[in-house]
Amino acid sequence: MNVKHRLDALTALRFFAAAMIVLTHAHPIFGSFGIADAAPLGQGVSFFFVLSGFILAYNYRDFSRDGSISRFLVARFARVWPLHLVTCVIWIGLIFHFDRETYFTGEVGMIRLISNLTLTQSWIPLKVWSLSFNGVAWSISNEMFFYLLFPLFIGMWSKHWAKLFFVATAALVAFLWAGNALQLKTSDYYEGVSLLGTVYFNPLVRVFEFMFGIFIAKVFMTPAIHDFKASRFGWLYIELMTLGLVVAAMLLAGNPGRIADTFGTSVGYYYQREGIWLFWGLLILVFALSKGPIAALLSTKPLVFLGEISFSLYLVHAILITLIEPHAEAIKQYGLTGYGLFWIVALVSSALLYKGVEDPCRHFIMNVWDRRHSSVRENFLASYKPAAIGSAALIVLAVAVVHLNRF
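Going by the numbering used here, the sequence shown opens with residue 18, and the numbers climb by one from there.
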């Protein structure tokens, strides 16, 4: 299959995965109607890792052309770093106000800052490193690790995909075994070596999910799978069954006791936090193929736009939660009104970040790259202006918020 198709339904699904993560982080303040208690919504990160492998393998099928690897890495940098930088600067403003000494004391504080700016913080899989500054960016640090390996994966895939999976599986099993053997703690509040860092933040563990996404993309690009035909009602049935399986897997992951009793604490922890990648892969494959009514609904412009701003939502929501946390008790009195207002602010902020920073900066960086490596000059100045204005406006807004909080 050489023809590429728009995958709008998958774009929309990104929003729902990001919303899962927002729900779980906002749960201590607003609650979640029991959803976060019943299912580990942080599994949404696993969806993003599987989807990332899928989308990259679908869009970048070989690196045989000169300069293709360099352009790929620049494109990935342009996709994630500008928005990360802006949200990190906003976060630093908040930390200066709330907890300056903890993060900027001595050389360690500056090294943490450098690791965040270079998106390598989760490569040291300790909570104090991975969650420093805008904590949710740890997963973007994992993504940077995957991006560096991706050209190697694609180059080896046709002949050595089984060996690649063997190595990734061996790494996963080794860390799970070590977690059991060393009886590492499961508490998210423990600052030392724990399962949170060794199993959850560790890119050597999480790369398996990314690689599984590549595998699903290769299945999707097999011509035979596109020969499958179903009526609209048939596709609806497949969509509902797939969603049902995902929900069931989430609910089972919320109670991993039997798995932990059978295979050890670290395996139970893994399944609860990131272990339903098989079902995420199935969901991605079905909605990439589907011509059913749910896929059609997901492909509508409003939902696709929500998917497009999901990265901004992911990076900005923790900042908003940090801002309102000191006022949590007062906010709780407003019930659903307060929660609705939180979501409105989160979505508007995300849209502004997407339109003012993420999208124009990506185009600007890629246009600069293409301009230096070819004669492409289109939209160069057009993308620079909104990127500069958007970034400046958001930084000014962040500084203003910090100063207002002092009064």
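Think of the CB as a built atom: it goes at the ideal place given N, C-alpha and C, for glycine as much as any other residue. Here the structure is a predicted model, which is why all the values come from computation and not from measurement.
According to the DSSP assignment, A154 belongs to no alpha helix (DSSP H), since it is labelled neither H nor E.
Taking L58 as the centre and dropping the five residues before and after it, the same chain places the C-beta of M37, L40, T41 closer than 6 angstroms to its C-beta, in chain order. DSSP places K246 in the coil class of the three-state scheme, outside both helix and strand. Counting only runs that start and end inside the segment 124 to 203, the alpha helix (DSSP H) elements of at least 4 residues fall at 144 to 147, 155 to 198.
Residues A34, M37, I38 of the same chain have their beta carbon placed closer than 6 angstroms to that of G61, with the five preceding and five following residues left out of the count. Its chain contains I326 as the residues whose beta carbon lies nearer than 7 angstroms to that of A368, once the 5 sequence neighbours on both sides are disregarded; these appear in chain order. Between the beta-carbon of F71 and that of I233 there is about 5 angstroms, and that keeps the pair under the 8 angstroms contact cut.
In this structure the segment 252 to 267 does not touch the segment 195 to 207; the number of beta carbon pairs closer than 8 angstroms is below three. Ranking S156, F170, Y206, L213 by CA distance to the CA of G196 puts L213 first. Counting C-beta pairs with one atom in each stretch, the segment 67 to 87 and the segment 44 to 59 have fewer than three that are closer than 8 angstroms, which means they do not touch. Rounded to the nearest whole angstrom, the C-alpha separation of F50 and Q350 is 16 angstroms.
The beta carbon of I46 sits closer than 6 angstroms to those of A345, all from its chain and outside the five residues before and after it, given in chain order.
Boundaries of the alpha helix (DSSP H) around F359: 352 to 370.
Here the segment 125 to 133 does not lie against the segment 309 to 320, with fewer than 3 beta-carbon pairs under 8 angstroms apart. Here R223 is actually not in contact with F65; their C-beta atoms are around 10 angstroms apart, not less than 8 angstroms. L130 and L169 have their C-alpha atoms roughly 29 angstroms apart. Shown here for P273: same chain residues with a beta carbon closer than 7 angstroms to its own, the five before and five after excluded, namely G285, Y288, Q289 in chain order. Going by C-alpha positions, V365 is about 22 angstroms away from L27. As the crow flies, the alpha-carbon of L299 is around 30 angstroms from that of T137.
Under the criterion of beta carbons closer than 8 angstroms, V153 and A335 qualify as touching, at roughly 5 angstroms.
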